[in-house]
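*Asks:*
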Amino acid sequence: MRGAELSSDHHMIMTTLKLKLKKYPASNAVRKRYNVQTLQNKDVQGKFQISIANRFSALRGIIENETDFEKHWQHTKNIWHETCEETLGKKKSDHKEWIFAEIIQKLNLRKTKKEIINTRRTRAKEQLKRWTEHFTTVLNHPPPDIPPDITPAEAELQINIERPSKAEIKKATTALRNGKAAGPDEIPPEAIKADMETSVNLLHDLLGKYG
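Using the working numbering, read the sequence shown as starting at 28 and increasing by one per residue.
(1) Would you check if the stretch 69–76 and the stretch 199–210 touch, i.e. whether three or more CB-CB distances between them fall below 8 Å?
(2) Using DSSP's beta-bridge definition, name the partner residues of residue 197.
(3) Kindly provide the ranges of any beta strand (DSSP E) runs that are 3 or more residues long and lie completely inside the stretch 94–162, ordered along the chain.
(4) Who are the near neighbours of residue 223 in its chain, counting only those whose CB is closer than 8 Å to its CB and skipping five residues on each side?
(5) Taking 8 Å as the limit between beta carbons, can you name the residues of its chain near residue 113, skipping five residues before and five after?
(6) Go to residue 76, then tell me how far its alpha helix (DSSP H) extends in each direction, as first and last residue.
(7) Taking 8 Å as the cut-off, decide whether the C-beta atoms of residue 102 and residue 89 are in contact.
(8) Rounded to a whole number of angstroms, what is the C-alpha to C-alpha distance between residue 81 and residue 194?
(9) Using 8 Å as the cut-off, can you tell me whether the stretch 203–218 makes contact with the stretch 166–185, which would need three or more C-beta pairs spanning the two stretches below that distance?
(10) Quick one: what's got a C-beta closer than 6 Å to residue 111's C-beta in the same chain, skipping five residues either side?
(11) Go ahead and label residue 161 buried or exposed: buried means 16 or more other beta carbons lie within 10 angstroms of its beta carbon, across all protein chains shown.
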């Protein structure tokens with residue numbers, strides 16, 4: 028096609044693209060859930076501390092010579108996971124007996140709540156539509172003839188980008204709340220706090236090397 032302007036010697040190109048999004052497979056992996064309550068027992072806690080310290084000592088040479096961050100982190104995670112599996116074990120699921128009448132009652136309650144929620148959503152959508160129309164009318168104006176003169180910032184923010192010290196890592200680790208679900212690494216906060224000295228050394232080596 029010839030360009031939109033008469034004076035242009037360029038040709039516009041038209042094409043049709045058809046994209047097919049790849050379906051992301053759902054993960055069936057079972058998350059690790061360790062029996063961290065046993066750490067309240069002093070004997071178990073002592074065994075945990077000895078086990079994780081020994082593993083760290085045995086792998087320290089390998090970790091120190093590692094140059095890839097992901098491999099270093101994988102070695103570090105394995106130290107926690109192997110120690111948890113050895114000393115704490117997996118948490119057993121507590122399945123309760125289902126009562127048929129109770130299930131029916133909860134299903135009916137769920138249905139009622141769902142109907143109420145759907146009604147509220149419909150009303151909320153109508154309100155949002157009205158607000159959209161309002162702000163479209165109010166805010167859609169042409170740009171000003173004279174652009175505003177915005178004064179640039181006088182100074183940049185002073186942000187500390189140095190690697191964290193052992194004291195800072197210990198403070199952050201201590202602030203972790205027990206009883207919370209583990210993150211993507213599947214390491215429970217109780218396991219990190221069970222041997223503070225070893226955990227701080229593990230994280231300091233990791234963050235200090237690549238930070």
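Ideal placement from N, C-alpha and C gives every residue a C-beta, glycine not left out.
*Replies:* Result, derived from the coordinates:
(1) In this structure the stretch 199–210 does not lie against the stretch 69–76, because fewer than three pairs of beta carbons, one per stretch, are closer than 8 Å.
(2) Beta-bridge pairing links residue 197 to no other residue.
(3) You should have found no qualifying run.
(4) Excluding residues within five positions, the ones whose Cβ falls inside 8 Å are 197, 200 and 201.
(5) 78, listed in sequence order.
(6) Counting along the chain, the alpha helix (DSSP H) containing residue 76 begins and ends at 69–92.
(7) The Cβ atoms of residue 102 and residue 89 sit closer than 8 Å to each other.
(8) Using only the alpha carbons, I get a separation of about 23 Å.
(9) Taking a contact to require three or more Cβ pairs closer than 8 Å, the stretch 203–218 and the stretch 166–185 do not qualify as touching.
(10) Apart from the 5 residues on each side of it in sequence, residue 111 sits with its Cβ closer than 6 Å to the Cβ of 61 and 218 in its chain, given in chain order.
(11) Exposed, by the Cβ-count rule.
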